[in-house]
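Chemist:
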Amino acid sequence: MSEGDESAALTELAKRRGFFFGSSEAYGGVGGFYTYGPQGAALKSNVEEAWRERFAVQEGNLEIEAPTIMPEPVFEASGHLDGFDDMLVECAECGESHRADHLIEDNSELEDAETLSPEEAAEKIADLGLVCPTCGADLAGQSVEDFNLMFETNIGPGSSTPGYLRPETAQGIFVEFPRIKEYARNSLPFGVTQVGRAYRNEISPRKSIVRTREFTQAELEHFIDPERDEADLSAVEDVEVLLYPATEQEADDGDYVETTIGEAVEDGVIGNAWLGYFLGIAQEWYETVGVDMDRFRFRQHLAGERAHYSSDCWDAESEVDGDWIEIAGFSYRSDYDLSKHGEYGDDDFTVFQQYDEPKTVERAVVDPDMATLGPEFGAQAADVADALETLAERDPDAFDADEVTLDIDGEEITVDTDVANFSVETQTEAGEHITPHVVEPSFGIDRTVYTLLAHAYETDEVDGEARSYLSLSPSVAPTNVGVFPLVSNVDELVDLADDVAAELRAAGFAVVYDDSGSIGRRYRRQDEVGTPFCITIDRDGLEGDGANTVTIRERDSGKQVRLPVDDLVGTLVGLRAGTASFDDVLDENEVVEA
RNA sequence: GCACCGGUGGUCUAAUGGUAAGACAUUGGCCUUCCAAGCCAAUUAUCUGGGUUCGAUUCCCAGCCGGUGCACCA
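The first sequence runs 23 to 616 under the working numbering.
#1: In three-state DSSP terms, what is GLU610?
#2: When the Cα of ARG598 is compared with those of GLY530, ARG76, ARG228, which residue comes out closest?
#3: Quick check: what's the CA-CA separation for ILE202 versus HIS459?
#4: Quick one, which of ALA143, GLU28, LEU65, PHE43 has its alpha-carbon nearest VAL551's?
#5: Do you know whose CA, among GLU252, ARG219, GLY466, lies nearest GLU339's CA?
#6: Assuming PRO554 and GLU525 make a contact with CB atoms under 8 Å, what is their CB distance in whole Å?
#7: Can you round the beta-carbon distance between ALA532 and THR573 to whole angstroms, since I take them to be within the 8 Å contact cut?
#8: Nearest-angstrom Cα distance between VAL512 and PHE212?
#9: What residue does the alpha helix (DSSP H) around ILE231 start on, and which one ends it?
#10: Using DSSP bridges, identify the partner residues of MET92.
#11: Between VAL441 and ALA386, is the Cβ-Cβ spacing less than 7 Å?
#12: Return the bridge partner residues of TYR266 from the DSSP annotation.
#13: Classify LEU428 as helix, strand or coil using the three-state DSSP reduction.
#14: Mind listing, in chain order, the continuous alpha helix (DSSP H) runs of no fewer than 4 residues lying wholly within the region 482-541?
#15: Considering only residues of the same chain and omitting the five flanking positions on each side of PRO248, which have a CB-CB separation below 7 Å?
#16: Below 8 Å, can you find three or more Cβ-Cβ pairs linking the region 269-279 to the region 294-313?
#17: Among ASP468, LEU518, GLU433, ARG489, which residue has its Cα nearest to the Cα of GLY218?
#18: When we look at the beta-carbon of HIS455 and count the other beta-carbons within 10 Å, is it buried (16 or more) or exposed?
#19: Could you please give the first and the last residue of the uninterrupted beta strand (DSSP E) stretch that includes PHE374?
#20: Using CA atoms only, rank isn't needed, just tell me which of THR394, GLN548, LYS581 is closest to ASP609.
#21: Do ARG235 and PHE55 have their beta-carbon atoms positioned less than 7 Å apart in this structure?
#22: For my contact list, PHE399 and PHE199 are in at a C-beta cut-off of 8 Å; report their separation, rounded to the angstrom.
#23: Among the residues of its own chain, which have a CB less than 7 Å from the CB of ALA488, if the five just before and after it don't count?
#24: Any idea if GLY354 is buried or exposed, counting beta-carbon neighbours within 10 angstroms, 16 or more meaning buried?
#25: In whole angstroms, give me the CA-to-CA distance for GLY566 and ASP560.
#26: How many Å lie between ILE349 and ASP337 at the Cα?
#27: Can the beta-carbon of LEU395 be found closer than 7 Å to that of VAL388?
#28: Would you mind sorting GLU330 into buried or exposed? The rule is 16 or more other CB atoms within 10 Å of its CB.
Following this line, the structure appears as structure tokens:
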């Protein structure tokens, strides 16, 4: 398939066969919002379930579900309120939009232009006589527009409690950390996952479901003690990956690095073992759900691309139509998020870590005699006591004298040393409070779905007829199996087909029953939505040696075998789980020639 | 948000200043039919608003939606 055709063909298929389509089309449509049709919703749900199974259940992590709307202070703490806010100025001549704060900072001494109001920024642009970097036209007089990528709303009546739709699911995890750490019995490391919607009021949504204004993320926040918790790479060290490190991206003849997780971590290509671990299990997971690993890579963020608090960051990228699209990000976020919420929020975002051996320390302490200080200093008494405490920590020798001198808001105050009740005590410290570091694998579910569809889209020829089909993995295919009576006007065939369909549904399979038109048309229909297996009930399955048998056809090869009805559920369970291949089924049963 | 291109049944296309053609799909019927078979019949469309005009799906303007490029992507 040539470049450019893939997404066009996919979009057409997606609309026609119910994977996804632009939403609210009856009202003219709205940019950046998509509705998943029946096939797409099932596929997406299967992908989410597969992610849960791997990243929550198998890893022993904790899944939560936080609200999509949170109050303003959450986003003040997270930095989204400021950092997500862009000031744009548009050139009247050529129509280019530029970051107003960047223009001002580049052309003046000002280093914090983003703190200016839009009006102030517009004035500044006029004062500095700034011109459009693209065409050189004067920008004076152009208005500066504030654009925040978060959707704003009001919580409750009135506008006193502004809230925002979360721009990423992660904040819900960070904000609830104080409760979750209790649940986790204050023991690091532990991981918390969340699968849910996030919202960004994108300036320009593009490429169907690749960049939308409402999307689904699956995020894992793995909390560790950076001093103690080391990643165990034994399960992933031999996993082969295609890496595109920052150094290679910057080099003139930069190339991919084919290596294993173990080697990449050892050589320092991947800067952090925890990131290496998650890259490894992500690589394997993507393969099981059906990403074409020849069109998949891990790309390291360039230094300028990374947030300042992140020491290393990798994206998982898939290739569609010649473009690489980011489908997951793996970031070492240090203690940035929890520290910020600890600073802004009321609760304790630290974890108490016990030392292996309790430490004995000598500590200078005071126990100020408030009965004396109170009457003497009145309202200042508490400040004096605090100052004594501070002094004891900083300069215990000061208490050797008869008097100590304190500096209270610039005022010199002298008190008798006795009043302080100074002593040096021997204390036992069992541990310390630390702010955990966070390793964040963050997956874009919609982009994963898009990749799976694009990578699964195939065309070939069967008996001279062109066909298109989706070679989706049986583990995520929206419909597991089609059930067809060969013809619809023979009661015995229809009855057995009904029974088979009911039995498979009872066993938990998504079944499509279809008795319309020719058998070939029914196969094509299922091929096109990626149904991996179709079961046909024919006359040979009703009588004689073949009584109570059916044929099962595999989507990609079109090959068929005949097998007893009683074996169906067991066979399909193995095929869906990936513990059996269709080749195994071909070996064990009578092959039906077309 | 800007620029360019586009918007006709479910889908893909055609045509037109005088209400729209085809293919595929879909539905019903015939047919004991294993890979989009055939025959008969049926259903379904000019993105929205304004303007020009006797008359606009067609021409003009604006908007919306989509594609591409720019910018943006914390």
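We treat Cβ as the ideally placed atom computed from N, Cα and C, and that holds for glycine. Computed from a prediction, not measured in an experiment: that's the story for all the values here.
Modeler: Here's the rundown:
#1: helix
#2: For the residues GLY530, ARG76, ARG228, the minimum Cα distance to ARG598 belongs to GLY530.
#3: 15 Å
#4: Distance from the Cα of VAL551 is smallest, within the candidate group ALA143, GLU28, LEU65, PHE43, for LEU65.
#5: GLY466
#6: The pair is not a contact, with the Cβ atoms about 18 Å apart (cut-off 8 Å).
#7: That belief does not hold up - the Cβ atoms of ALA532 and THR573 are roughly 20 Å apart, past 8 Å.
#8: 59 Å
#9: Where ILE231 is concerned, there is no enclosing alpha helix (DSSP H), given that its DSSP letter is neither H nor E.
#10: TYR186
#11: no
#12: Beta-bridge pairing links TYR266 to ARG321.
#13: strand
#14: Restricted to the region 482-541, the alpha helix (DSSP H) segments that are unbroken, complete and at least 4 residues in length are 513-528, listed in chain order.
#15: HIS459
#16: no
#17: Residue ASP468 is the option with its Cα nearest to GLY218.
#18: Using a 10 angstroms sphere on the CB of HIS455, the tally of other CB atoms stays under 16, which defines it as exposed.
#19: 373-387
#20: LYS581
#21: yes
#22: Not quite, the Cβ-Cβ distance comes to about 40 Å (not below 8 Å), so this is no contact.
#23: THR481
#24: In the sequence as presented, Gly is not what sits at residue 354; that position holds Tyr. Under this definition TYR354 is a buried residue.
#25: 13 Å
#26: 7 Å
#27: Contact flag unset, no.
#28: Just to set this straight, residue 330 is His in the shown sequence, not Glu. The residue in question, HIS330, is exposed, as its Cβ has fewer than 16 Cβ neighbours within 10 Å.
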